[in-house]
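Let me begin by presenting the structure, written as structure tokens, before commenting on it.
There are 2 protein chains.
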Amino acid sequence: MIGNNWLWNMVNNIPFLRGFIMKKVYTMRSDMIDSPPTYENEHPYITLDANYNVSFYTRTLPPVPVECPTPMGVAGKKILPDVDVLVNKLFIREKFKPEPIGTSALFSFFAQHFTHQFFKTDIKRGPQYQWGGHGVDMTHVYGKNKHDENLLRSFKDGKLKVQTVNGEEWPPLSKDAQVEMKYIMPVPEDSKYALGHSFFGNLPGLFMYASIWMREHNRVCDVMKKEHPEWDDERLYQTGKLILLGRQQIVIEDYVQHLSNYNFKLLFDPSLLFGEPFQYQNRIALEFNHLYHWHPLMPDDFTIGGVNYTMKDFLVNPKLVIKHGMATFVDSLSKQNAGAFTVRNHGKYTLNVVKELIKHGRTLRLQPLNNYRKRFNLKPFKSFEELTGNKWLAKELENFYGDIEAVEFYVGLITEKRRPKAVFGEAIVEMGGPYSVKGLMANPICSPKYWKPSTFGGSVGFDIVNTATIEKLFCQNIKEDCPVVSFKVPGFVEEPEKPEDQHGEL
Amino acid sequence: MIGNNWLWNMVNNIPFLRGFIMKKVYTMRSDMIDSPPTYENEHPYITLDANYNVSFYTRTLPPVPVECPTPMGVAGKKILPDVDVLVNKLFIREKFKPEPIGTSALFSFFAQHFTHQFFKTDIKRGPQYQWGGHGVDMTHVYGKNKHDENLLRSFKDGKLKVQTVNGEEWPPLSKDAQVEMKYIMPVPEDSKYALGHSFFGNLPGLFMYASIWMREHNRVCDVMKKEHPEWDDERLYQTGKLILLGRQQIVIEDYVQHLSNYNFKLLFDPSLLFGEPFQYQNRIALEFNHLYHWHPLMPDDFTIGGVNYTMKDFLVNPKLVIKHGMATFVDSLSKQNAGAFTVRNHGKYTLNVVKELIKHGRTLRLQPLNNYRKRFNLKPFKSFEELTGNKWLAKELENFYGDIEAVEFYVGLITEKRRPKAVFGEAIVEMGGPYSVKGLMANPICSPKYWKPSTFGGSVGFDIVNTATIEKLFCQNIKEDCPVVSFKVPGFVEEPEKPEDQHGEL
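First to last, the sequence lines map onto chains G and S.
Numbering-wise (this note's numbering), the first sequence opens with residue 2 and increments by one.
Numbering-wise (this note's numbering), the second sequence opens with residue 2 and increments by one.
Quick look at the structure:
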């Protein structure tokens, strides 16, 4: 979908054509995903557990049967490469490689914030378990259950609890809303904030998104109260949740547009699926979780309001956002180049994550990348060079795996050559697309009984939903002048594509 | 659908016509049910909780808003009739009224056994809560969760634990499989059996069904082991579950056929819905639970193998089934007339159930019967006489409620005139039908990725599913000659219908 700009301009400006194409995108993408779900992590055949056990991630492909001759099925070596050796050779970042199409850190934190609402591995029980609701349910804003929701609510005019610092509204301190938060290292009490997701106190970028959605909820409650002065706190709160969920769905337009880098202008319109045999249910797949491990996008340091911070300064330091203020923070993240999703670009704080990920893939007997390519209608790679587009990398992988049919899932995804002018290689987009489209459109608010003005407090609320953008989300909730809000670093100039260089300097 | 037997014979014998009609039955019925669910018990407007809070029963109609002028909305009195007075006048059984189309006690216990897998009120939390899986998931046979399942499994050849008494196989004693069982009165240790559902030790009829499904599972495992000698215990067990679920779905054909008393021969064929915009998800509605309170079907006493037992003898006495043996027990229940679903026919042990039910309906602010009639495309009744078909009953109801628009849900269902040649009045069938069809067809095994031979261990297993009948279920699991297995008392002759007599002698 690259090139032919005049053609895309035409298509994008003819609503009927744009709707027609978008409907095809919805149905073709979501048809790739089994719904109801078919497999789980413990049986290489269909069981009732696949449907009824919602504490499992689902599986798009069943695990490699234990009786198979090699860990990846029939191909490859009897023993998989040592994870430490693999990570040292292929994952460790020596020199930061910037994201080559200018993706900003605002984008990468959006990805992290958004996806944490449904990627919730229950690691104590095991890597096959999860504790989420299998979809876009806004639990990352409102809390994981009713108990937590009640702790975060002010019970006045539908609003969430806030505190004011430096003339801006921020989430309350943990002492004022005692939801459980989890930190990766010790944190002083006055830096502990009560957020919808227990992880979001660990990074300022996540805290920033948590704060802006909190403000947005309270802003929407004000609008609704003006519309419906007779509504009580409960109705304002519940309607606020519905509007925010709708808004978040729309914001995804901006996000997926950047991610896919399509010339075709994507459209979020649930009514395109009305009457189609589309299942309004979703189950988060283990494979979707694995492929969404985009840690190379995290840079090593950040410039916020002209001050440089290393990742170490950033960790468990949400106060940075308050210190610089929302406007400066979002402006700075918009201008900050994310890292490239490629080999040898995992920063040191994320190395352990990728090690664990590869180990989990083995424990749960994920099938090799080529099997997933076939499952998603992509041609399986015939050689390591075809996979990587790079001779050195091909050689290394061949040493590790011996057979192209035995390349592990995540290792394959990250070593795959990048698509021209895109953030990722083909497999991530062609697998991630179906999972994402299915997850977004299967949301109950997209179903015919929900997707209408009355669900969102009338036409005013429905309009808030339908006109959302990432820029509005910030600018409607910042008193000062609107800062730069962009998933792409402004003025970024892409380097011309070089063959044999889809992984940057190796 | 009464009369014109030659026409029905023709339709029933032309597969294309039968399939066409059945598809219409599926789609028209299930289209009546909102899926994803829209309402729950605590808000008279759409909220996200309606979808995400699975511990709630869903609601087809939202609760009457608290700000309404009367408990039923706008019509009727400010105060609803006293429940004790209502029950004493309209529900208490003075003389047993037999079910007028010859429904057997085998039918009523089937209904109770089958529906308890999904009607699971979590009464400690409140009448709006439930602890089930919202559908036909076989938890009443295999246990409510994996922990219980493991306690009931033998872990050999896929089979469930059994004990042999009098040369027949029965469920193990509780000491040998320690799943939690709940009894309505004290029970000696040697009468405590380990069953899939905690309530099923309370009535011999439920214990009988529990035992026959247990035998069927183990029989199916034997068949599968012969087909697949290489399969391990786990695969035999999981496939057995799938086959039993399929079998149960098919047995429902017999059950619904009797219930509806249609001349049209019903058909269970999930493939008729492939490609239709049908949602393979289900949520049990509070209203479905209420309308399935069929306690009048329970007689006051039972004749088993020529011996008479009162209900008191029956309660918490599963040993009766073992004593008489499976063949005699099922034969006797087949010949035992159930009670009529009508007013003044609740036996004394069930009076408290109906009192609580009516109270729950009030606590949860169920809308009046006429609103449900409209919701399910039935004409609302214009008068009490039109509702009841009986002058005395009409007068009593008018005294209680004042306005036909204010008749409570369950009271309305039981006072509604019976359809000619049918077990129930119109509202129960026209509401129960959609809930049932939706619940059955929305099962994951009916979806295209599941409904094929490989899911059920190949063509032999799929054939076991597709040729199921209630008679086979028993006779394939009884060593002796096949007893009478019937949802209708053999040789029963219906009395000619009399106008003004749809409730029997009042």
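Glycine included, every Cβ here is placed at the ideal spot set by N, Cα and C.
Measure the CB-CB distance between Thr122(S) and Phe488(S) and report whether it falls below 8 Å. No; because the gap between Cβ atoms is not below 8 Å, this pair is not in contact.
Within-8 Å CB hit, Asn10(S) to chain G: The beta-carbon of Asn10(S) is placed no less than 8 Å from the nearest beta-carbon of chain G.
Can you grab the Cα-Cα spacing for the pair Ser333(G) / Val354(G), in whole Å? Each residue's Cα considered, the two are about 26 Å apart.
Going by alpha carbons, who is nearest to Gly159(G) out of Asp223(G), His135(G), Leu388(G), Ile465(G)? The shortest C-alpha separation from Gly159(G) is found at Asp223(G).
Taking the continuous beta strand (DSSP E) assigned at Asp516(G), which residues delimit it? Any answer about residue 516(G) is impossible in this case: the structure gives chain G only from 2 up to 507.
Let me know the secondary structure DSSP gives His504(S) once reduced to three states. Looking at His504(S) - three-state DSSP - the assignment turns out to be coil, as it is neither helix nor strand.
Does the contact criterion of 3 or more C-beta pairs under 8 Å hold for the segment 392-409 of chain G versus the segment 423-441 of chain G? Segments in contact, no.
Near His114(S), which residues of its chain fall below 6 Å by C-beta distance, leaving aside the five closest residues on each side in sequence? The answer, listed in chain order, is Leu207, Tyr210.
For Tyr310(S), the three-state DSSP class (helix, strand or coil): In the three-state scheme derived from DSSP, where H, G and I count as helix and E and B as strand, Tyr310(S) is classed as strand.
Using three-state DSSP, classify Asn508(S) as helix, strand or coil. With chain S covering 2 to 507 only, the question about residue 508(S) has no answer from this structure.
So His198(S) packs on His291(S), CB below 8 Å; how close in whole Å? About 20 Å separates the two Cβ atoms, so there is no contact after all.
Hey, could you find the ends of the alpha helix (DSSP H) Trp7(G) is sitting in? In the DSSP annotation of this structure, the continuous segment of the alpha helix (DSSP H) that includes Trp7(G) starts and ends at 6-14.
Option in Ala76(S), Thr71(S), Ile124(S) with minimal Cα separation from Tyr58(S): Checked all of Ala76(S), Thr71(S), Ile124(S); the closest Cα to Tyr58(S) is Ile124(S).
Report yes if the CB atom of Arg345(G) is closer than 8 Å to the CB atom of Leu91(G), and no otherwise. Contact flag set, yes.
Please go through the same chain and pick out, in chain order, the residues whose beta-carbon is closer than 8 Å to the beta-carbon of Glu257(S), but skip the five residues on each side of it. Strictly speaking, residue 257(S) in this sequence is Val, with Glu absent from that position. The beta carbon of Val257(S) is closer than 8 Å to those of Leu267, Ser437 in its chain, skipping five residues each way along the sequence.
Contact set between Arg236(G) and chain S, taken where Cβ atoms lie within less than 8 Å: Near Arg236(G) (Cβ distances below 8 Å), the residues of chain S are His44, Tyr46.
What does the alpha-carbon distance come out to for the pair Leu1(S) and Gly168(S)? Here chain S covers residues 2 to 507 and nothing more, so residue 1(S) does not appear.
Please tell me whether Asp301(G) has its Cβ less than 8 Å away from any Cβ of chain S. Not an interface residue.
Based on the DSSP output, what are the partners of Thr71(S) in its beta bridges? Beta-bridge partners assigned by DSSP to Thr71(S): Gly74(S).
So, under 8 Å CB-CB, Lys320(G) and Ser192(G) are touching, yes? Tell me the CB distance rounded to an integer number of Å. About 5 Å; that satisfies the 8 Å criterion.
Below 8 Å between beta carbons: does that hold for Leu414(S) and Leu370(S)? Yes. Within cutoff.
Between the CA atoms of Gly459(S) and Ile244(G) - distance to the nearest angstrom: Each residue's Cα considered, the two are about 48 Å apart.
Just to confirm, are Asn338(G) and Val490(G) a CB contact at a threshold of 8 Å? Closer than 8 Å, so yes.
Kindly indicate the opening and closing residues of the alpha helix (DSSP H) around Val322(S). Note, Val322(S): alpha helix (DSSP H), 320-325.
Could you pull the start and end residues of the alpha helix (DSSP H) that Trp393(S) belongs to? Looking at the DSSP string, the run of the alpha helix (DSSP H) that includes Trp393(S) is 392-402.
For Gln164(S), which three-state DSSP category applies? Three-state DSSP puts Gln164(S) in a strand.
Limits of the unbroken beta strand (DSSP E) element including Trp171(G): Its beta strand (DSSP E) spans residues 169-171.
For chain G, check one thing: does any of its Cβ atoms lie closer than 8 Å to the Cβ of Leu246(S)? Chain G, which has a Cβ nearer than 8 Å to the Cβ of Leu246(S), makes this yes.
Can you give the Cα-Cα distance for Glu496(S) and Leu394(S), rounded to whole angstroms? Approximately 22 Å, taken between the alpha carbons.
Listed from N- to C-terminal order along the chain, which residues in the segment 86-113 of chain S have their beta-carbon within a distance smaller than 8 Å of any beta-carbon of chain G? For the segment 86-113 of chain S, there are no residues whose beta carbon sits under 8 Å from a beta carbon of chain G.
If you measure between the beta carbons of Val188(S) and Leu152(S), is that distance less than 8 Å? No, the Cβ-Cβ distance between Val188(S) and Leu152(S) is not below 8 Å.
By DSSP, does Gly340(G) sit in helix, in strand, or in coil? Gly340(G) falls in the strand class under three-state DSSP.
Which stretch, first to last residue, makes up the alpha helix (DSSP H) that contains Met209(S)? 205-228 is the span of the alpha helix (DSSP H), which, as asked, contains Met209(S).
State the CB to CB distance for the pair Met327(S) and Ile213(S), rounded to an integer number of angstroms; the pair is presumed to be in contact (CB under 8 Å). Their Cβ separation, rounded to whole angstroms, is 7 Å, which keeps Met327(S) and Ile213(S) in contact under 8 Å.
What did DSSP end up calling Tyr1(S) once you bin it into helix, strand or coil? This structure cannot settle anything about residue 1(S), because the visible part of chain S is limited to 2 through 507.
Inter-stretch contact at 8 Å, needing at least 3 Cβ pairs: the segment 268-276 of chain S / the segment 14-21 of chain S: Counting Cβ pairs under 8 Å, three or more are found: they touch.
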